[in-house]
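Asks:
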Amino acid sequence: NQYEIKNLNIKSGGRQCTGLFGITMGANLKNIIMYSPSGQNTIQNELNDTRWYTLGGLVGFAAKGQSDKCSIANCSVAGYQIIDNRKNSGGNGGANIGGLLGATNMRISGCTAVTNITLDSTYVVGWNNIRVGGITGCLRNTMSECYSGGSISLGNEPKGKYGDNNSKGIANASNIWTGGLSGGVYM
């Protein structure tokens with residue numbers, strides 16, 4: 009079976025994990041197609057506290073839980089604008105932002121994401137890590153036969169420098185790890 013979802017606008021509403029599904033645990037995600045024909049629909053993070061956070065089109069954080077048999081297969085997100093509007097740092101865990109998934113420790117296969125990701129955050133901290141990828145911000149498993157397209161860009165024009173009271177924009181002080189498929193892979 010194939011499941012199609014279109015024309016949604018999603019805002020985090022104060023949650024750490026944002027996507028069509030904020031968090032999944034032990035789920036097998038298969039054959040889900042999520043698209044915005046006009047390219048105008050958005051998935052936005054507006055969380056303003058100091059905890060780590062994830063932002064993805066389909067799932068914010070996809071966790072395998074106790075089962076190694078869980079996977080994400082043949083899923084697609086297309087045409088969405090994924091916007092990180094965070095005003096405060098992601099704390100010690102940083103941030104994970106992806107076109108399909110924010111972060112996952114599950115196997116991914118046959119998936120695509122064609123999205124425009126904009127980092128429009130205004131916090132400035134020297135130690136924050138932001139992982140951004142076309143498919144997933146952070147991957148802690150394997151990925152095969154996947155494709156990503158679209159763009160990853162900074163929305164705010166940085167001003168000043170780290171430590172300067174006039175500083176705005178994450179580009180001045182945060183560590184931004186960017187990849188076409190994954191912003192960070194660690195096992």
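To convert, take the position in the sequence shown, counting from 1, and add 8; that gives our numbering. Every residue, glycine too, gets a C-beta built ideally from N, C-alpha and C.
Quick check on S84: buried or exposed, where buried means 16 or more other Cβ atoms within 10 Å of its Cβ?
Replies: Label assigned to S84: buried.
Asks: Using a threshold of 8 Å, state whether the C-beta atoms of Y88 and N49 are closer than that.
Replies: A contact, by the Cβ cut-off of 8 Å.
Asks: Just how far apart, CA to CA, sit F69 and N15?
Replies: If I take the Cα positions, the gap works out to 21 Å.
Asks: Express the C-alpha separation of M42 and N17 in angstroms, rounding to a whole number.
Replies: In a straight line, the C-alpha of N17 is about 11 Å away from that of M42.
Asks: If G145 sits next to G106, beta carbons under 8 Å apart, how far is it from one beta carbon to the other, in whole angstroms?
Replies: Correct: roughly 4 Å between the Cβ atoms.
Asks: Give the C-beta separation of N104 and A71 to the nearest angstrom, bearing in mind that I take them to be a contact with Cβ-Cβ under 8 Å.
Replies: Not a contact, Cβ separation roughly 12 Å.
Asks: Specify the secondary structure class of G73 as computed by DSSP and reduced to three states.
Replies: Of the three classes helix, strand and coil, the one that applies to G73 here is coil, per DSSP.
Asks: Could you tell me whether the Cβ atoms of G142 and S156 are closer together than 8 Å?
Replies: Against a cut-off of 8 Å, the Cβ pair of S156 and G142 comes out as a contact.
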